[in-house]
Amino acid sequence: MRHNFSRLSVPAPRTAMHLLVLLSPLASALGCMSSQSAPAAAPVPRPSYDFTPTTCQQPGSTKITLAIVAPRWQSPIQPAWTRGYSAASAPQLFADLSNAMQGDFMELATCLGYLARGPFDSFEAMVFPDREASQLLLEPELQMDVEVTALSVVEQSGLGGIIKKTGTYNRLNGTASLGGRVTLSLKEPVTNTRMWTRSIDIPSEAFSFTSDNKYATAAMTPEQARIALLDDPALLRPLYPKLQALYGSVFTTAQSYMNAREVATVASQGLAVRKRGAVAIPPL
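Okay, here's the thing in structure tokens:
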């Protein structure tokens, strides 16, 4: 027996890499969530994030030093979407992507002929000598979403879940899409003044899934659904290859944006901003 959920046009707060689940009022009739794995679920291979620049210049040939700040999410990570995840599941999805980007932005800057310093966890984590010794600061900003719509459930009766109660358990059918953008910013590193930005759009690409896990029909809230589905192998299996392809596309585009002539112009403008900032600070 199949029940269809209608899509609601209710705005939800946008958080970094969050999973937006839109359920109809029928979802409020579902009880406490419990899940059991399908007996023959295929393994979920972790994506391999790596980028090798097509050409490399002599390191330092541009005579410009770039400080690299670790990629950050546009919105702070909120407890609402991290609550309930296991250490080896959903948080690692985002940590793997961000951590790989740190090293590859360092490699990209070096191959383009810049001297790279870092990566630093944030602008605030940089000590003054590192700021002063750098002409520019490169800060990647991530804004990506996984959105799930058109959810429906297929009822299956039986025993399951951690609490081992007899009841009805559902596999979820739905459509998910990955989209958003990555924004690169060049800043003057002493004053933290933004000098240059380039956005790399990620076209939304949809895919269908049927969950491997089964969920108890008692009261699954939208928050529980977000947590559950981003942990579900059926969603992760098609999502990981898309994230891997997205990763390569971001760096290929970044390589074309960060050409030496343009960055040198921005560095010259940044030096003027730094001098004005120094004049504005009265001596002790």
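Per the numbering used here, the very first residue in the sequence shown carries number 5; after that it's consecutive.
All residues carry an ideal CB built from backbone N, CA and C; glycine is no exception.
Note that the structure is predicted; figures quoted are calculated from it, not measured.
Could you work out which residue in Ala74, Asp108 and Leu140 is closest to Ala129 when comparing CA atoms only?
-> Ala74
Same chain, Cβ closer than 7 angstroms to Ala271, neighbours up to 5 away in sequence not counted = Ile68, Gln139 and Leu140
At which residues does the alpha helix (DSSP H) containing Thr293 begin and terminate?
-> As shown, the chain starts at 5 and ends at 288. That puts residue 293 outside it, with no answer to give.
Leu119 in three-state terms, based on DSSP = strand
Neighbourhood of Asp108 by C-beta, 8 angstroms cutoff - its chain only, sequence neighbours within 5 removed = Tyr53, Asp54, Phe55 and Phe255
How about Arg198 and Tyr261: do their beta carbons lie closer than 9 angstroms?
-> no
Could you work out which residue in Ser208, Val277 and Val186 is closest to Glu151 when comparing CA atoms only?
-> Ser208
So what does DSSP say about Met199, is it helix, strand or coil?
-> strand
Would DSSP call Glu266 helix, strand or coil?
-> helix
Candidates Leu176, Ala258 and Leu250, of which the one nearest Cys115 by Cα = Ala258
Alpha-carbon to alpha-carbon, Thr187 and Ser215 = 33 angstroms
Answer with buried or exposed for Glu136, where buried requires no fewer than 16 other C-beta atoms within 10 angstroms of its C-beta.
-> exposed
Three-state class that DSSP yields for Ser102 in the structure shown = helix
Status (buried if at least 16 other CB within 10 Å, exposed otherwise) for Val157 | buried
With 16 other Cβ atoms within 10 Å as the buried cut-off, status of Ala238 | buried
Roughly how many whole angstroms lie between the Cα atoms of Gly184 and Asp149?
-> 6 angstroms
Looking at the structure shown, is Gly281 part of a helix, part of a strand, or coil, going by DSSP?
-> helix
Could you tell me which residues DSSP puts in a beta bridge with Gln147?
-> Arg185
Under three-state DSSP, which class holds Ser126?
-> coil
Looking at C-alpha atoms only, which residue of Thr58, Ala71, Arg50 and Val48 is the closest neighbour of Ser253?
-> Thr58
State yes or no: is the C-beta of Phe211 within less than 9 angstroms of the C-beta of Leu233?
-> no
Check Thr69 in the structure and name its three-state DSSP category.
-> strand
As assigned by DSSP and simplified to three states, the class of Ser272 | helix
Please state whether DSSP places Arg50 in a helix, a strand or coil.
-> coil
Are the Cβ atoms of Tyr251 and Pro49 separated by less than 9 angstroms?
-> no
In three-state terms, what does DSSP make of Pro207?
-> strand
Member of Ala264, Arg241, Leu182 and Leu142 whose CA lies at the smallest distance from the CA of Arg76 | Leu142
Where Ala74 falls: helix, strand or coil (DSSP) = coil
My understanding is that Ala71 touches Pro193, with C-beta atoms under 8 angstroms, so please give their C-beta distance in whole angstroms.
-> 5 angstroms
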